[in-house]
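Q:
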Amino acid sequence: QQLLDSFNTKEELRDFLLQIFTVFRILIRPEMFPKDWTVMRLVANNVIITTVLYLSDALRKNFLNENFDYKIWDSYFYLAVIFINQLCLQLEMFTPSKKKKVLEKYGDMRVTMGCEIFSMWQNLGEHKLHFIPALIGPFLEVTLIPQADLRNVMIPIFHDMMDWEQRRSGNFKQVEAKLIDKLDSLMSEGKGDETYRELFNSILLKKIERETWRESGVSLIATVTRLMERLLDYRDCMKMGEVDGKKIGCTVSLLNFYKTELNKEEMYIRYIHKLYDLHLKAQNFTEAAYTLLLYDELLEWSDRPLREFLTYPMQTEWQRKEHLHLAIIQNFDRGKCWENGIVLCRKIAEQYESYYDYRNLSKMRMMEASLYDKIMDQQRLEPEFFRVGFYGKKFPFFLRNKEFVCRGHDYERLEAFQQRMLNEFPHAIAMQHANQPDETIFQAEAQYLQIYAVTPIPESQEVLQREGVPDNIKSFYKVNHIWKFRYDRPFHKGTKDKENEFKSLWVERTSLYLVQSLPGISRWFEVEKREVVEMSPLENAIEVLENKNQQLKTLISQCQTRQMQNI
């Protein structure tokens, strides 16, 4: 105190405080002491926090209200944040005996400093606006430390930031934007947990109960909480070794959230490329092409300059779109989805023609021709499709109590697919029936998988019913661009006739409608709507005959084609 009183002017005191805050920041750098000098670090930190408590008082008395000094307050908060984040103070990483000794001698210095931050923040009054949104990221990082008392002290500051931003701007879009941007980067570094998500949600909802802007506040908190759910799921999935459906599904959930709910284009594009890399590793070439197409659709054929981004160099929008088109065509080719490749060949050929770039136009026309040849000459397997229900509270949020239709791999049948799903979810229990589960299954603290094969129903029957269209072409339209799938369950209604059991054999037909068509950016998509109808024995018999006739026509066509080829 004598030292603080010895300064003749505020300018001298200001210079002293700025210098000592700088010295303290240097002292707590990891490289200041050898790694095993834990005691020395703790002693130094104890000296720092004791001194800061005295200096806080000088800051309040001399640099508030009309004497407010942004630089010195900013330096103070910056020091406090990096003090709390020091690795040597993260007691959760210590052995129980070491943690006990530290707590007995020094207490949890992070909590002490956190309380001091909160106290100093409350003293700022309207000057808080100088630190919004700049301090949102640093304070968020502090709240992600797994210490309950520290979180309880620091999280309410976000309510205060929302309130002051609302007074200034009539909204808190800046607060929301900063929270979202920082959450993604901090959680990808391994910070945060499910307890934090629940605490963040409950503390802030309670704080805003009586605010006039409560409705928009609830919306922001709900958005941030849902983002945390997805980021935690994403982080947990990425810890797994091999690329599986869980990783891909989680990434799809996150990129859709960034696009539809947050409208964050840059983050959306980043996750498009993360998903693209996952598909390439899994050799899902068709899905990789559809994924890259999402970015391609955001671009125009223009000469607008684009900055360097991810792996892309600085180039014009036209050049980047051309690069994407060629990569997408290549992936459709590798995935044997040649019809889609042809569509893109035509689009880029139009551009080459409009610029009189006949050299590249020629190459593109030859590529298009080669894709037609592949359609006619190469065999393609028709994949099977499977409906999967994920029931129980132990599944990640993006799967929990939802049903999906999945496009199987080549040669994959129901038994192999079921085994693959059980390998991906080793704690799951396979349900042995196709009936809709009841509420007890939905609320169970377990994982239940319900899997059965479904039949794709093409949206347009025109190509399939046209005479003379080769089977190689028809086979593509049978299993591509499919939104609707069907599952039939036979049952007997009324008395069963022993002489003719088909008289009482009805069919319960369940139609499933997806949020997106298969194939797409994932091998599976969620069921958006289901319809159930009952078919009478007569309707069922007519349909069976029609299907058999169609199978015979296909077989005859195949035999005739082979005969012609032999000649």
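Just so you know, the working numbering puts 958 at position 208 of the sequence shown, and the rest follows in order with no gaps. All C-beta atoms, glycine included, are put in the ideal place defined by N, C-alpha and C.
#1: Once DSSP output is grouped into helix, strand and coil, what is the label at Thr1061?
#2: Throw me the rounded Cβ distance for the Arg1115 and Ala1099 pair, which I believe falls under 8 Å.
#3: Within a Cβ cutoff of 7 Å, which residues of the same chain sit near Ile832, ignoring the five residues on either side of it in sequence?
#4: Locate the alpha helix (DSSP H) running through Thr1010, then write down its first and last residues.
#5: Express the C-alpha separation of Ile971 and Thr945 in angstroms, rounding to a whole number.
#6: Which residues in the same chain as Lys1303 place their Cβ atom closer than 8 Å to its Cβ, once the five residues preceding and following it in sequence are excluded?
#7: What is the C-beta distance between Leu954 and Ile905, in whole angstroms, given that I count them as a contact (C-beta under 8 Å)?
#8: What residue does the beta strand (DSSP E) around Ile1201 start on, and which one ends it?
#9: Cα-Cα, which of Tyr1021, Glu1011 and Gly875 is closest to Ser935?
#10: In this structure, does DSSP put Met1285 in helix, strand or coil?
#11: Between Met988, Glu959 and Phe950, which has its C-alpha nearest Thr975's C-alpha?
#12: Hey, out of Thr1205, Ile1179 and Pro1206, whose CA is closest to Ala1196's CA?
#13: Measure the beta-carbon distance from Lys1031 to Glu1174 and round it to whole angstroms, keeping in mind my assumption that it falls under 8 Å.
#14: The beta strand (DSSP E) with Lys1234 in it runs from where to where?
#15: Can you tell me which of Met790, Glu876 and Leu767 puts its alpha carbon nearest to the alpha carbon of Leu829?
#16: May I ask which residues mark the beginning and end of the beta strand (DSSP E) holding Cys1156?
#17: Would you give the residue range spanned by the alpha helix (DSSP H) that Leu1044 belongs to?
#18: Return the residue from the list Gln897, Pro1220 and Asp1221 that minimises the CA-CA distance to Met843.
#19: Tell me where the alpha helix (DSSP H) around Pro1141 begins and ends.
#20: By how many angstroms is the C-alpha of Ile930 removed from the C-alpha of Leu879?
#21: Nearest by alpha-carbon distance to Ile895: which of Asn835, Lys932, Glu854 and Met911 is it?
#22: Give me, in chain order, the residues of the same chain whose beta-carbon lies closer than 8 Å to that of Trp1051; leave out the 5 immediate sequence neighbours on both sides.
#23: Rounded to the nearest angstrom, how far is the Cβ of Glu979 from that of Phe1147, given a contact under 8 Å?
#24: Measuring CB atoms only, is the stretch 1150 to 1159 touching the stretch 1216 to 1223, in the sense that at least three cross pairs come out at less than 8 Å?
#25: From the DSSP output, which residues share a beta bridge with Val1277?
#26: For Trp1256, which beta-bridge partners are listed by DSSP?
#27: Quick one: Cα of Asp1083 to Cα of Ser1254, how far?
#28: How would you label Asn1185, buried or exposed, when you count the other beta carbons within 10 angstroms and need 16 or more for buried?
#29: Looking at the structure shown, is Leu814 part of a helix, part of a strand, or coil, going by DSSP?
#30: Name the two residues that bound the continuous alpha helix (DSSP H) containing Ser938.
#31: Does the distance from the C-beta atom of Glu876 to that of Trp914 stay below 9 Å?
#32: Compute the Euclidean distance between the alpha carbons of Ile1317 and Lys1086, then round it to the nearest angstrom.
#33: Kindly provide the ranges of any beta strand (DSSP E) runs that are 3 or more residues long and lie completely inside the stretch 1076 to 1142, ordered along the chain.
#34: When burial is assigned at 16 or more other CB atoms within 10 Å of the CB, is Gln1033 buried or exposed?
#35: Which runs of the alpha helix (DSSP H) spanning at least 4 residues fall entirely within the stretch 818 to 889, listed in chain order?
#36: Quick check on DSSP: helix, strand or coil for Thr962?
A: Quick look at the numbers:
#1: coil
#2: 6 Å
#3: Arg775 and Ile778
#4: Here the alpha helix (DSSP H) through Thr1010 covers Gly995 to Thr1010.
#5: 15 Å
#6: Setting aside the 5 residues that flank it on each side, Lys1303 has no residue in the same chain whose C-beta is closer than 8 Å to its C-beta.
#7: Yes, they are in contact, since the Cβ atoms of Leu954 and Ile905 sit about 7 Å apart, within 8 Å.
#8: Tyr1198 to Ile1207
#9: Tyr1021
#10: In the structure shown, Met1285 adopts extended strand secondary structure according to DSSP, grouped into three states.
#11: Phe950
#12: Ile1179
#13: Their Cβ separation, rounded to whole angstroms, is 15 Å, which puts Lys1031 and Glu1174 out of contact at 8 Å.
#14: Ile1232 to His1242
#15: Leu767
#16: Lys1152 to Arg1157
#17: Phe1035 to Asp1046
#18: Gln897
#19: For the record, residue 1141 in the displayed sequence is Tyr; it is not Pro. Unbroken run through Tyr1141 is the beta strand (DSSP E), Phe1135 to Tyr1141; no alpha helix (DSSP H).
#20: Cα to Cα, Leu879 sits roughly 19 Å from Ile930.
#21: Asn835
#22: Glu1067, Trp1068, Lys1071 and Gln1101
#23: Your pair Glu979 and Phe1147 checks out as a contact, with CB atoms roughly 5 Å apart and the cut at 8 Å.
#24: no
#25: Leu1264
#26: Phe1241
#27: 49 Å
#28: exposed
#29: coil
#30: Lys923 to Ser938
#31: A contact, by the Cβ cut-off of 9 Å.
#32: Any answer about Ile1317 is weak, because its pLDDT of 46 lies below 50 and its placement is not dependable; what the coordinates show is given next. One C-alpha to the other measures close to 28 Å.
#33: 1135 to 1141
#34: exposed
#35: 820 to 834, 846 to 856 and 859 to 873
#36: coil
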